[in-house]
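Asks: Mind looking over this structure? Questions follow.
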Amino acid sequence: MHHSFVTRTGTMKKLMITAALLSTLTVVHAQDGTDRSESDPAVKEQRHTERAVEKTETMIKELGLDDAQAARVREMNSRLGDSMRAVKAADMPDEERKENMKALRSAYKTELATVLTPDQMAQLKAMKEAKRAEKQDPARMAERAEERADALTREMTADLGLSTDQQAKVATINSTYAASMAKMQQAGLDDEARKEKMKAMRQGRDKELKTVLTPKQYDTMMSLRKQKHAESKGNHPGSKKPHNE
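Counting from 140, one number per residue, gives the positions in the sequence shown under my numbering.
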C-alpha cells in the first residue's frame, strides 16, 4: 500500500515537471516566433493586406454603403492593390512606374464615381482631406515617428541578435533619429535642402550605430538594408536607390 502511494506520488511529480518544461518551451518558442516575425516578409505582407481590408471596411461603414456598393468597393480596392503591386514589381524605369500608378489611381477614381453617389464622393473627399490634415499635425507626426522607431528597433533586435544593452542603446538612437526626421519634415525645406539634411542625418545615425554594434552585426545590418531596398524596388536597374529607414 505504502509502496503504491510512493509510486503514484513519484509519477505525479514527474508529470508536473514534464508539464512545466513543456510550458516553458512553448513560451520560448512563441517568443522566438514573435521576434522572427518582425522581419518576416510574409508576415509584413499579411499585415499590409489586413490594413488594406480594414481601411476598405472603414470606408464602407463611414460612407454608409449598401450591400451592392460594398461588394463593388471591396472588389475594386482588392484589384487596385494587386495592380499596384504588379507595377511596383515590374522591370521599368521609375518615371514609367509613376505614370502607370497614376493611371491606375485615375481609372479607380473614375470607376468609383459610377459606384458611389455624388454625396458619398464628396464625403470621401472630405474624409481624405481630414486625414491629410491629421498627418500634418505635429503631435501625430511625432507619434508616428516613435512608432516607426520602435518597430525598427524590434526588427533590428530580431535580425542582428542584439543584447539587452545593445537594444536599449539602439532604441535611443532610433528614437532620436525618428524625432529629428519628423521635425525636419515640418521645417519647410526645399527638395534639395531636405535631401541633403536627410543624408546627413542618416550618416550620423549609422555612425552612432557603428559604436554600438559589433563589426559583424553592422555588416549584416548594411547587407540586409541593401537587400530590402532592392526588394522594395523590385531590384530594377533603372530604379533610384530609396532612402534608408
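All residues carry an ideal CB built from backbone N, CA and C; glycine is no exception.
Between the beta-carbon of leucine 291 and the beta-carbon of alanine 318, is there less than 9 angstroms?
Replies: No, the pair does not count as a contact, with Cβ atoms beyond the cut-off.
Asks: Alpha carbon to alpha carbon, how far is valine 309 from lysine 390? Give it in angstroms, no decimals.
Replies: For the chain, the structure presents residues 140 to 384; residue 390 sits outside this window and is missing.
Asks: Quick check on glutamate 273: buried or exposed, where buried means 16 or more other Cβ atoms within 10 Å of its Cβ?
Replies: It is exposed - the Cβ of glutamate 273 has fewer than 16 other Cβ atoms within 10 Å.
Asks: At the level of alpha carbons, what is the spacing between aspartate 345 and aspartate 329?
Replies: So the two alpha carbons sit approximately 24 angstroms from each other.
Asks: Where does alanine 326 fall in DSSP's three states?
Replies: Reduced to three states, the DSSP call for alanine 326 is coil.
Asks: Do you know whose CA, among Glu370, Met295 and Ala321, lies nearest threonine 359's CA?
Replies: The shortest C-alpha separation from threonine 359 is found at Met295.
Asks: Count the CB pairs spanning the stretch 190 to 203 and the stretch 225 to 234 that are closer than 8 angstroms, and state whether there are at least three.
Replies: Taking 8 angstroms as the limit for Cβ pairs, the verdict is that the stretch 225 to 234 does not touch the stretch 190 to 203.
Asks: Tell me, please, whether the stretch 277 to 289 touches the stretch 327 to 341 by the rule of three or more beta-carbon pairs shorter than 8 angstroms.
Replies: Contact between the stretch 277 to 289 and the stretch 327 to 341 is absent, because fewer than three Cβ pairs lie under 8 angstroms.
Asks: State the DSSP-derived secondary structure class of glutamate 370, mapped to helix, strand or coil.
Replies: Helix at glutamate 370.
Asks: In the DSSP assignment, the alpha helix (DSSP H) including serine 222 goes from what residue to what residue?
Replies: Residues 206 to 228.
Asks: What does the Cβ neighbour count give for glutamate 370, buried or exposed, with the cut at 16 atoms within 10 Å?
Replies: It counts as exposed.
Asks: Buried or exposed, going by whether 16 or more other CB atoms sit within 10 Å of the CB of arginine 236?
Replies: Arginine 236 is buried by the Cβ-count criterion.
Asks: Per DSSP, what kind of secondary structure is proline 354 in: helix, strand or coil?
Replies: Of the three classes helix, strand and coil, the one that applies to proline 354 here is helix, per DSSP.
Asks: When you compare the CB of leucine 352 with every CB in chain D, is at least one pair closer than 9 angstroms?
Replies: This model lacks chain D altogether, as it is built from one protein chain only.
Asks: Would alanine 278 be called buried (16 or more neighbouring beta carbons within 10 Å of its own) or exposed?
Replies: Its Cβ having fewer than 16 others within 10 Å, alanine 278 is exposed.
Asks: In terms of alpha-carbon separation, which member of Ala332, Gly300, Ser217 and Leu348 lies closest to threonine 315?
Replies: Considering only alpha carbons, the answer is Leu348.
Asks: What distance in whole Å lies between the Cβ atoms of methionine 361 and methionine 340, which are believed to be in contact at a cut-off of 8 angstroms?
Replies: Not confirmed; about 17 angstroms, so no contact.
Asks: Who are the near neighbours of alanine 281 in its chain, counting only those whose CB is closer than 6 angstroms to its CB and skipping five residues on each side?
Replies: Once the five neighbours on either side are set aside, the close Cβ partners of alanine 281 are Ala321.
Asks: Tell me whether arginine 175 is buried or exposed, calling it buried when 16 or more other Cβ atoms sit within 10 Å of its Cβ.
Replies: Below a pLDDT of 50, predicted positions are generally treated as unreliable, and arginine 175, at 47, falls in that range; no measurement from the model is reported.
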